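To start, the structure under review is shown below, and the notes come after it.
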Amino acid sequence: MIPTAVVVGLFGLVAGSFLNVVIHRLPRGESVAFPGSHCPACGAPIRPYDNVPVLSWLFLRGRCRVCRAPISVRYPVVELTNAVLWVAVFLRAPGWADFASGAFLCSACLALLAIDAEFRILPDRITLTGIVVGLALSFFSRVRSPVSSFAGAAIGAGGLWLVAFLYEKWKKVEGMGLGDVKMLGMIGALLGASGVIIAVLLASVSGSLVGLALVLARRGSLQTALPFGVFLALGAVAAFFWAPLLIELYRGGFR
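Structure representation (structure tokens):
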């Protein structure tokens, strides 16, 4: 029999292929369902045998079969990353609801990271859907209660909104968009109250380090705007896998 983890990985590859559709189409205001998969350059329909995750990209050497236009390496990277994340979630999650929450979180964060890095937007269709999914699954979770999930969404969205509001009043410029607020609401709903706090801390630290590195490399300044959704995505995934360890390390350091 095929190990369950392998089956999960295969489904992760397929889901990763769909994520590529989401990443390409949502920012452009296109439907993720219609039309079917096609080459962005020439519009030629992609045949099923040319749409196999990772393998088709390798066999075609990263080019469209019809027009030979290059196909971004992002496609196989997203598919493989999503598959690995799904397997990792499966090995960690104690039940189906927690697997579903973790898989959705990782896939949503992967899509949001790619979209925010390129387009500087965080689509509501992902973040608001994530809030609903997180709150609904909390009633079946073995690791977080509905109270924690609702509190996480409120802390994530409400806390960041308050910070952004105060910053705008102080500096007279917008510090963060509402997309970041909704994304944190999604993270809180899927991770709970403690998880979203850890995700924000990790995102803030990593964002600050990247900003400092850009300044030292003379590729940016203290006023350089960074896509914070990228760091929130990384922080959320890290919090999902390592929050208990980080909490224990924190407690151990203050004993």
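Under the numbering used here, the first residue of the sequence shown carries the number 5, and numbering increases by one thereafter.
Note that the Cβ used here is the ideal one computed from N, Cα and C, for glycine as well.
On a predicted model such as this, the values are computed, not experimentally measured, just so you know.
Between the alpha carbons of residue 96 and residue 245, how many angstroms are there, rounded?
8 Å
Looking at C-beta atoms only, is the number of pairs between the stretch 9-21 and the stretch 84-91 that lie closer than 8 Å three or more?
yes
Does DSSP classify residue 31 as helix, strand or coil?
helix
Tell me, which residues are paired with residue 74 by DSSP?
67
Inter-residue Cα distance where the pair is residue 193 and residue 102
12 Å
N- and C-terminal bounds of the alpha helix (DSSP H) containing residue 47
Element bounds for residue 47: n/a, residue is neither H nor E.
Taking buried to mean at least 16 other C-beta atoms within 10 Å of its own C-beta, is residue 52 buried or exposed?
exposed
Quick check on the DSSP output: the alpha helix (DSSP H) that includes residue 102 runs from which residue to which?
100-123
N-terminal and C-terminal residue of the alpha helix (DSSP H) that residue 230 is part of
Looking at the DSSP string, residue 230 is not in any alpha helix (DSSP H), and its letter there is neither H nor E.
For residue 202 and residue 239, what's the separation of their Cα atoms in angstroms?
8 Å
What number of angstroms, rounded off, separates the C-alpha of residue 119 from the C-alpha of residue 44?
17 Å
Between the C-alpha atoms of residue 149 and residue 217, what's the straight-line distance to the nearest angstrom?
39 Å
Rounded to whole angstroms, what's the CA-CA distance from residue 30 to residue 98? Just pull it up for me.
33 Å
Look up residue 55 in the DSSP assignment and say whether it is helix, strand or coil.
coil
Kindly list the residues whose CB is nearer than 8 Å to the CB of residue 145, restricted to its own chain and excluding five residues on each side of it in sequence; keep chain order.
99, 101, 102, 105, 153
Does DSSP put residue 38 in a helix, in a strand, or in coil?
coil
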